Amino acid sequence: EIQLLESGGTLVQPGGSLRLSCAASGFTFAGFSSYAMNWVRQAPGKGLEWVSGISGSGDNTYYADSVKGRFTISRDNSNNMLYLRMNSLRVEDTAVYSCAKDLISTWGMDVWGQGTTVTVSS
Amino acid sequence: QSALTQPASVSGSPGQSITISCTGSSSDIGGYDYVSWYQQHPGKAPKLIIYDVKNRPSGVSNRFSGSKSGNTASLTISGLQAEDEADYYCNAWKRSSTTLYVFGTGTKVTVL
Chain H
-13 EIQLLESGGT LVQPGGSLRL SCAASGFTFA GFSSYAMNWV RQAPGKGLEW VSGISGSGDN
47 TYYADSVKGR FTISRDNSNN MLYLRMNSLR VEDTAVYSCA KDLISTWGMD VWGQGTTVTV
107 SS
Chain D
8 QSALTQPASV SGSPGQSITI SCTGSSSDIG GYDYVSWYQQ HPGKAPKLII YDVKNRPSGV
68 SNRFSGSKSG NTASLTISGL QAEDEADYYC NAWKRSSTTL YVFGTGTKVT VL
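So this is what it looks like as structure tokens:
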């Protein structure tokens, strides 16, 4: 069973930086590098917001307009790790950040982590 | 990018059928058959229940079904059960040079 475990969330001041990590495990037939990965966030009491995605090889990255230029997604396929570097953090970035794995042959997120909480406040 | 539009709430009695709509544009829902639906219970991670408009992952009840017409996708829950009370989100692939996905605004389903 594939599992995802996020870490790195904490309280940070506006304008600060943070790096989130997502450790993936349980891959059998197809390895971690076979799957595109995503970060999705959910602000308190709000809906889901897709934040960023990365191809299996890491060659292609994608961002929501709300984080473009401030956040950077990356992955380490040799260690089954996904990252999100967050710079110039704003109060409105406060949310639970979850990593999610894409289906292998189409688009959709079939495995999710439980999330890590980022609070941006002075 | 703007979120897809869903009704804020839908309710039904046990055993009834309900339908949740999800309206987007020709650049997302209308342009591709890559619509997925997620169920989220309070404090829990979202669960994929429909992908590619109408396909169910293994283990998901056949009471959940999806469809699409033009720029609007729909999720139907038949034989409503108490355990179906949750938040539901649609999601569409929105390929551009820099963006991949867009979620819907979310719908709270209440079982009366």
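Going down the list, the protein sequences come from chains H and D. If you use this note's numbering, the first sequence corresponds to residues -13 to 108, in order. If you use this note's numbering, the second sequence corresponds to residues 8 to 119, in order. A virtual CB, placed ideally from N, CA and C, is assigned to each residue, including glycine. Bear in mind the structure is a predicted one, so any value in this text is a computation, not a measurement.
Quiz item: Any heavy atom of the ligand ATP closer than 7 angstroms to the CB of D/Tyr96?
Solution: The ligand ATP is absent from the structure shown, which contains no ligands of any kind.
Quiz prompt | Nearest candidate by alpha-carbon position, reference H/Asn24, set H/Tyr48, H/Ser52 and H/Gly2 | solution = H/Tyr48
Practice problem: Would you mind working out which of D/Leu119, D/Asn69 and D/Thr114 sits nearest D/Tyr45, comparing C-alpha positions? | Solution: D/Thr114
Quiz prompt | Simplified DSSP assignment, three categories, for D/Ser72 | solution = strand
Quiz item: Are three or more beta carbon pairs between the stretch 6 to 19 of chain H and the stretch 63 to 79 of chain H nearer than 8 angstroms?
Solution: yes
Self-check item: Bridge partner(s) assigned by DSSP for H/Phe15
Solution: None; H/Phe15 has no bridge partner.
Exercise. Rank D/Ser9, D/Thr30 and D/Thr117 by C-alpha distance to the C-alpha of D/Ala93 and give the top, closest one.
Key: D/Thr117
Practice problem: Let me know if D/Pro106 comes out buried or exposed under the rule of 16 or more other beta-carbons within 10 Å of its beta-carbon. | Solution: First, the amino acid is wrong: residue 106 of chain D is Thr here, not Pro. Counting Cβ neighbours within 10 Å, D/Thr106 comes out buried, since at least 16 surround it.
Self-check item: Identity of the residues DSSP links to D/Lys54 by a beta bridge
Solution: D/Gln46
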